[in-house]
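Engineer:
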Amino acid sequence: MDQISFDISIVEYGFFASAILVILVGLYGALVKKSLIKIVIGLSILESGVNLLLITIGYIQGGTAPVFSPQLLKDMPLTLENIKALGNEMVDPVPQALVLTAIVIGFGVTAVALSLVIRLYRHHHTLVIDEIKNLKW
Amino acid sequence: METKTLYKKLTSVFLNWLFLFIVWNAFTSSFQAQEVITGLIISFLLALFTSRFFDCCSLRVLHPVSLFYSIVYVFVFLIALIRSNFDMAKRVLSPSLPINPGIVKFKSKLQSDFAKMMLANSITLTPGTLSVDLIEDTLYVHWIDVKTDDPEKVHAEIAQQFENILLKIFAE
Amino acid sequence: MKKILVLLLLAVFGIYLADVLFSLEFGKQFFTDGVKDFYLTKGPLDLKVSNTITAIIVNFRGFDTLGEVTVLFLATTAMGGILYKKRHKVGARSVLFPSSQIVMAGSKILFPAIILLGIYVFVHGHLTPGGGFQGGTIIATGFLLMLLAYQDYTVSHKVLTIVESLAGITFVVIGLMGLIKGSTFLENFMPVGTLNNLFSGGLIPIIYIVVGFKVGAELTGLIYTALHEKD
Amino acid sequence: MVGSPILFVAVPLLAAFLIPLFGFIWKELVRIVPGIVLLYLLILSVSLYIQVLQDGTIVEQIGGWAPPWGINLVFSPFTGLLTTLMLFLAFIIWLYSYRFKNVDFEPSKKYFILLLMLVTGSIGIVLTGDIFNQFVFIEIMSISGYALTAFYTGRDSAEASFKYLIMGSLSSMFLLLAIILIYSQLGTLNMADIASKAHLMKPEFRVLALVFFIVGMGIEAEIFPLNGWAPDAYSQAPGPIGAAFSGIVVKAGIYSIIRVTFTLFDVEGTMQFLVLMGMITLVVAEMAAIKQDKIKRMLAYSSIGQMGLVLVAFGIGTEEGVFAALFLMVNHALVKPLLFLSASYLVFNSTEKSIRELNGLGKYLPLTSFLFALGAIAIVGMPPLSGFWAKWSMLTAAANSNMILIIGLVLLVSVVEIVYYFRVVNRIYFFKKEEDVEPKKPTINAMVSMIVLGILIVTIGFYPDLITSYLHEASESLLDKGKYIQDVLSAGQSIIQ
Amino acid sequence: MIIYLIFLFVLLALMVGAAIYSIMQKDLLYAVIGTGVISLVLSILFFILQAPDVALTEAAIGVALTTIIFIITIRNTVRYEDEHDRKENK
Amino acid sequence: MKEVLEIIGALFVLLGGIFLFLGGLGIVRMPDAYNRIQAGTKATTLGGMSLILGVGLMETSWLIKAVVIIIFIAFSNPISSHALARANYKRKNFPYLKNTKGVDAYKDAYLNENKEEQS
Amino acid sequence: MIQIIIYVTFGFMVLGIIFSAWRIMKGPTAADRILALDTLTTISVSGMVLLAYVFNRFIYLDVALIYGVLGFIGVLVIARYLEGAL
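Taken in sequence, the protein lines are chains A, B, C, D, E, F and G. FYI, the numbering for the first sequence is 5 to 141, going by the numbering used here. FYI, the numbering for the second sequence is 130 to 301, going by the numbering used here. FYI, the numbering for the third sequence is 18 to 248, going by the numbering used here. FYI, the numbering for the fourth sequence is 16 to 512, going by the numbering used here. FYI, the numbering for the fifth sequence is 1133 to 1222, going by the numbering used here. FYI, the numbering for the sixth sequence is 23 to 141, going by the numbering used here. FYI, the numbering for the seventh sequence is 40 to 125, going by the numbering used here.
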């Protein structure tokens, strides 16, 4: 097979920029919107943006996923040099591990938030935040 | 009566086991001894738990005739799928959109749920048709180019070729 | 008015953040001696785990995973507490009417396959992408399929609780056994095998299986609680 | 070796996973087990703390990987002090809520699981030496916090909880952003490692990361623009949970801010920033507190004000200042729960929960009222009680650093506090109840827990030397950044060679 | 090469667009579909950034579970953001 | 042999791409939801199947897994589109009919069902 | 040769994505939008498989497989909601 390259450095700052844009959109939704569900949607969008940013930070040009699969190892003996050489061509695994945790935690928070929304609706019969202001916001 | 249900249960577990084992090996696709043994154990345990849902077919599907017709079915299905796609491409690409849609119905002769589902799926993927609902054994089909609304003719037009093969596979 | 103010504020924030972040070059590593090199060599060599991310999640930073599992457990508990519905009546329906026969027949055959897929994902967590969380989520999705398709499909809440608790206890006990057998919490005390075999990685597959069961039970319980929440 | 710091997290988690199973066996176990766990941990914590004072910091490496590669727990004189304090309070709160208000609120298994997790999250924040792990613990703590705030079935509690949730999750996103910035520069997540490498970061990254950290953790620590959730949550949550918030959660938040500013980064002007934020928080909160007519909201604002005071004291930056801040924290951690616990019985029967309804309760509930008054005196800093020594040490610290403005401000604030606390005490003792009511008598265990707190306050008031040596140790260990780095990283150095 | 560039830019733009769409859309169901699109695209982006584990998690959690939780909330509350939109759309 | 398989696989991939594109075009051009579902399902199913099969042929050791994905797609896509069509009918979006004599046999069954539910 | 074909395929997929996105934005009824989401899912699965080929990693296929399964359930959820069953 001839070498097919998928060079994503051509977008340069595209990933950073769109992650920041998504973060901003999410923040806007969480801060300005009046509907409770919209606020939660805004939060989950914000979270997506942060996750994308984290993964983008960990990306290394031309790297591959940090999985030492048989296909990658072929018949190399398992020596320190070989592993190091392979590891140098891999993207940073740490941000990926962090994002995994962050995604799951974010889902938990979203679930709690939405159950609160359901309960608020049961008491107030509306989702508009202005009409729920019993306590001073 | 008692034995028959037990027999049914056993066949169901067995078929489920077989099915899951095949699926497992397809997932791992490495055929190392460790993987295969683990697959056997896991699929057996899972088969015990999920066998009450797995009532699609009896042992009859392992009969050579059934297997043969299954392969035939796959080919017929693929040909129908490709035909349907070219048909759809023709309709989509032609500027005037030559369509005359409507919903027609017909009765299927198939018995088991699974066979009916296969039929409905096949119909969805064949030229110009989309199964909308299945009530008892009446299939409601959205047809992009309605030629007739007589159930018999519709049946002959849309479902005949699949149904015959499915009848042979499931031996009904 | 508030909108414009917020937009302005966000614009300033975004421009500043972009300004700072753009000083990083895309696709470059910005530090010289990070922890990642250690993980990338120790993972395959010492732990014999092919998927370094799994090695990080379960072993190097296994404590985070314990916390993460706890977060999901808490979310389920919190959801039950917040929705404060008294125990739903027996025979309460999750959906109002059953789906069409086609979906029902399809889900019957897809359900075992999806559960098997979930099990595959968490059993092979150390070899391929995926692991306990993904596998557990897939299992929960399988149950969701059944709940959607059938009107009267029920999952025993008691069984879910027991599975969840037992899995959580197993996780902590495995950790504490590391404390007893080795010297620290969550320390690997099992033989590690050879790289890229199914039976390798010492404790990692075991912990991931436990996590898979726990997450599956938790998310199923969460969906189940939420689906029965109908006024 | 008495035990390992990991047990502070592992044992409560084990208990939390076990509690649902106990629920199937015997309902009462659900309530007893958390108490046993907390008592055990308290004993462990005290013994570990004594050991640490003699032998130096214990660093627990989880998974057998030395820092910076693995996660580590640091049990130093400073964190040990906070842990012991938190566990003590947790035990008191458990005792109080063991049969809390049998009438309409039965503490169920969910309540105890969440309470246990709230405590565990806070202890994890204090003990951990890894920023991402701290994020995870913050999430554990805040999710339990959200759920506990909404534990009452009223509608306002859900609203307060939602508010808390929105602010909490926004701030945790900022925390994640800060972690991203740090990781992108240094490639490590361990606090000691970051501290030793912090000079390698580009300055703008350092400043931005610090700001994000303070925004992210300020939510738990109730710094001024981020404390909107606190009064609602305190007033809507069940009584013991208000106490837990003010006694445990806030301490964890303050701890993490302190850890970040003192150990992780030395950015020019951070201390001044802390003083400024603390002063704004203090002034705004006290002004708000004086206007409140609901008792729990008043207590909440007072709590925010105290946190501002603590921040100011930390911001002085000298050893004396840190000592004063720690003294204030300990004082607040003992007194505010007492106030919350007693106030929640004082207003138990009223629907409004306002101060007006406290009229003349001193006759009906003499002991509870007395304890409330004791707490009020202690927190404003009247001479014989513990609060006085705390404020006094703060004033001396400020005077030694020539911060006259702070002295003036503290005195002014004390006057304000006197005004609004004595308004309440005045109503309790010197007003007449209009109609005869039958107030709810506290249960015995609640009474015991409150009396224990009261005795402690009085004891510390008369013998402040009992704790000052510990506080000095703690503040030294906080300020000695080099020793922290060395303690944590030395194990790793030996492994790699 | 240029096609990869276009491909990536379309994906990035689609993500940002879906984010804006789901914030702006008055019908909450459509907003939820928008979030589904976000996590779909995000998943491919993670894939492109060589993070298959994260792509898997995002797919598993974002596509099915978040959707069902949001849908349950919508079913228990209202489908439209404002009261008057309900009449317009119905 | 390998080269031949690669070329065949590449052609399959190209065919799949074209069908995916046609699916997209179909859902844009068709006049109502049912027709769009028809166009979308058929074209994307075949497109996806052929593309994945093409990849499987190009890299023969991947074939088994590719076939698994194909089977999953072939199995689940029609079901979801069927569910979608039914849901669309239940929301009272009746199909677009070209002339007034258009056939809608489902309407009776649907109305009967509704009557049963009400009574 | 193969490279050119893959380029072209990516081009077609981009067009398909754009069309689906347009339908999601525009599409009068909810069913249209979900259909477009479904189409987008299938295109994504195919795209993932193709990308796995481009990156030459076998393990990436798992992601596509799971994506296909879960995307189906995601669509089914919304369809069931539209039916009024949820």
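Glycine included, every Cβ here is placed at the ideal spot set by N, Cα and C.
With a 10 Å radius around its C-beta and 16 neighbouring C-beta atoms as the bar for buried, classify S490 of chain D as buried or exposed.
Structural biologist: Looking at its Cβ environment, which holds 16 or more other Cβ atoms inside 10 Å, S490 of chain D is buried.
Engineer: Which residue's Cα is closest to the Cα of I369 of chain D: D:E334, D:L314, D:W404?
Structural biologist: First, the amino acid is wrong: residue 369 of chain D is Ser here, not Ile. Out of D:E334, D:L314, D:W404, D:L314 has the C-alpha closest to the C-alpha of S369 of chain D.
Engineer: Exposed or buried, W146 of chain B, counting other C-beta atoms within 10 Å across all chains shown (16 or more means buried)?
Structural biologist: Per the 10 Å Cβ criterion, buried.
Engineer: Could you tell me whether the Cβ of A162 of chain D comes closer than 8 Å to any Cβ of chain C?
Structural biologist: Taking Cβ atoms only, chain C reaches closer than 8 Å to A162 of chain D, which makes this a yes.
Engineer: Name, going along the chain, the residues of the stretch 96 to 109 of chain F whose beta-carbon falls closer than 9 Å to a beta-carbon of chain B.
Structural biologist: Hits within the stretch, in order: A96, F97, N99, P100, I101, S103, H104, A107, R108.
Engineer: Let me see if you follow: with CB-CB separation under 8 Å, is F94 of chain G close to chain A or not?
Structural biologist: Yes, because at least one Cβ of chain A sits closer than 8 Å to the Cβ of F94 of chain G.
Engineer: Determine, for I122 of chain A, whether the minimum Cβ-Cβ distance to residues of chain J falls below 8 Å.
Structural biologist: Among the chains of the structure shown, chain J does not appear; the protein chains present are A, B, C, D, E, F and G.
Engineer: Please report whether the beta-carbon of A34 of chain A lies at a distance below 8 Å from any beta-carbon of chain D.
Structural biologist: So, interface residue.
Engineer: Along the stretch 70 to 83 of chain G, where does the CB come closer than 9 Å to a CB of chain E? Name the residues.
Structural biologist: For the stretch 70 to 83 of chain G, which is checked against every Cβ of chain E, the residues closer than 9 Å are R72, I73, A75, L76, L79, T80, S83.
Engineer: Quick one: is D119 of chain D near chain A, going by C-beta distance under 8 Å?
Structural biologist: Its pLDDT being 48, under 50, D119 of chain D is placed unreliably by the model, and the measurement read from it follows with that caveat. So, not an interface residue.
Engineer: Report the three-state DSSP secondary structure of L203 of chain C (helix, strand or coil).
Structural biologist: If DSSP states are grouped into helix, strand and coil, L203 of chain C belongs with coil.
Engineer: In chain F, which residues lie with their C-beta within 8 Å of the C-beta of L89 of chain G?
Structural biologist: Within chain F, the residues near L89 of chain G are V35, L73, V77.
Engineer: Per DSSP, which residues does G312 of chain C bridge with? Please list them.
Structural biologist: The shown model of chain C, from 18 to 248, leaves out residue 312 of chain C, and the question about it has no answer.
Engineer: Is there a Cβ from chain B that is less than 8 Å from the Cβ of Q118 of chain C?
Structural biologist: Answer yes: the Cβ-Cβ gap between Q118 of chain C and chain B drops below 8 Å somewhere.
Engineer: I think A75 of chain G touches A91 of chain G, with their Cβ atoms under 8 Å apart; what is that distance to the nearest whole Å?
Structural biologist: About 24 Å; that fails the 8 Å criterion.
Engineer: Can you find a CB in chain B that lies within less than 8 Å of the CB of G48 of chain F?
Structural biologist: Chain B, which has a Cβ nearer than 8 Å to the Cβ of G48 of chain F, makes this yes.
Engineer: So with Cβ pairs under 8 Å, would you call Q289 of chain B a contact of chain C?
Structural biologist: No, no contact with chain C.
Engineer: In terms of DSSP beta bridges, what is I73 of chain D paired with?
Structural biologist: DSSP output for I73 of chain D lists D:F90 as bridge partner(s).
Engineer: For the putative contact between A175 of chain D and Q251 of chain D, defined by C-beta atoms under 8 Å, what is the C-beta separation to the nearest angstrom?
Structural biologist: Contact holds; Cβ gap of about 4 Å.
Engineer: Using the Cα positions of K78 of chain A and T211 of chain C, report the straight-line distance between them to the nearest angstrom.
Structural biologist: Answer to the nearest angstrom: the Cα atoms are 15 Å apart.
Engineer: Look up V132 of chain A in the DSSP assignment and say whether it is helix, strand or coil.
Structural biologist: Three-state result, V132 of chain A: strand.
Engineer: Return helix, strand or coil for N117 of chain D, following the three-state DSSP convention.
Structural biologist: With a pLDDT of only 49 at N117 of chain D, under 50, the local geometry of the prediction cannot be trusted, and no value is derived from it.
Engineer: Mark I102 of chain D as exposed unless 16 or more other C-beta atoms lie within 10 angstroms of its C-beta, in which case mark it buried.
Structural biologist: Going by the sequence as given, residue 102 of chain D is Leu instead of Ile. It is buried - the Cβ of L102 of chain D has at least 16 other Cβ atoms within 10 Å.
Engineer: Got a sec: is the Cβ-Cβ distance from I98 of chain G to anything in chain E below 8 Å?
Structural biologist: Answer yes: the Cβ-Cβ gap between I98 of chain G and chain E drops below 8 Å somewhere.
Engineer: Span of the beta strand (DSSP E) holding S357 of chain D?
Structural biologist: Counting along the chain, S357 of chain D falls outside any beta strand (DSSP E), though it belongs to the alpha helix (DSSP H) covering 334 to 361.
Engineer: Ignore the nearest five residues each way along the sequence and tell me which others in L400 of chain D's own chain have a CB closer than 7 Å to its CB.
Structural biologist: So the qualifying residues of the chain are I392, A393, I472, V473, G476.
Engineer: Using a Cβ-Cβ cut-off of 8 Å, state whether L244 of chain C counts as contacting chain A.
Structural biologist: Not an interface residue.
Engineer: Rank C:Q46, C:P61, C:F114 by C-alpha distance to the C-alpha of N214 of chain C and give the top, closest one.
Structural biologist: Measuring from the Cα of N214 of chain C, the nearest candidate turns out to be C:P61.
Engineer: Determine, using beta carbons only, whether G238 of chain C comes closer than 8 Å to chain G.
Structural biologist: Cβ-Cβ to chain G under 8 Å: no for G238 of chain C.
Engineer: Report the start-end ranges of each beta strand (DSSP E) in the stretch 188 to 251 of chain B that is 3 residues or longer and not cut off at the edges.
Structural biologist: If we require 3 residues or more, the beta strand (DSSP E) runs fully inside the stretch 188 to 251 of chain B come out as 231 to 236.
Engineer: Name the chain F residues whose beta carbon is nearer than 8 Å to that of I211 of chain B?
Structural biologist: Near I211 of chain B (Cβ distances below 8 Å), the residues of chain F are L68.
Engineer: Of all the options B:V261, B:N214, B:K238, B:A209, which has the alpha carbon lying nearest to the alpha carbon of S117 of chain C?
Structural biologist: Nearest option by C-alpha distance: B:V261.
Engineer: Determine the burial state of D480 of chain D: buried for a count of at least 16 other Cβ atoms within 10 Å of its Cβ, exposed for fewer.
Structural biologist: Exposed, since its Cβ has fewer than 16 Cβ neighbours within 10 Å.
Engineer: So, L373 of chain D versus L468 of chain D, is the Cβ gap smaller than 8 Å?
Structural biologist: Result no, Cβ atoms of L373 of chain D and L468 of chain D do not sit closer than 8 Å.
Engineer: Which of helix, strand or coil does DSSP assign to I73 of chain G?
Structural biologist: The answer is helix: DSSP assigns I73 of chain G an H, G or I state.
Engineer: Does the CB of L1197 of chain E have a neighbour CB from chain C at under 8 Å?
Structural biologist: Closer than 8 Å: yes.
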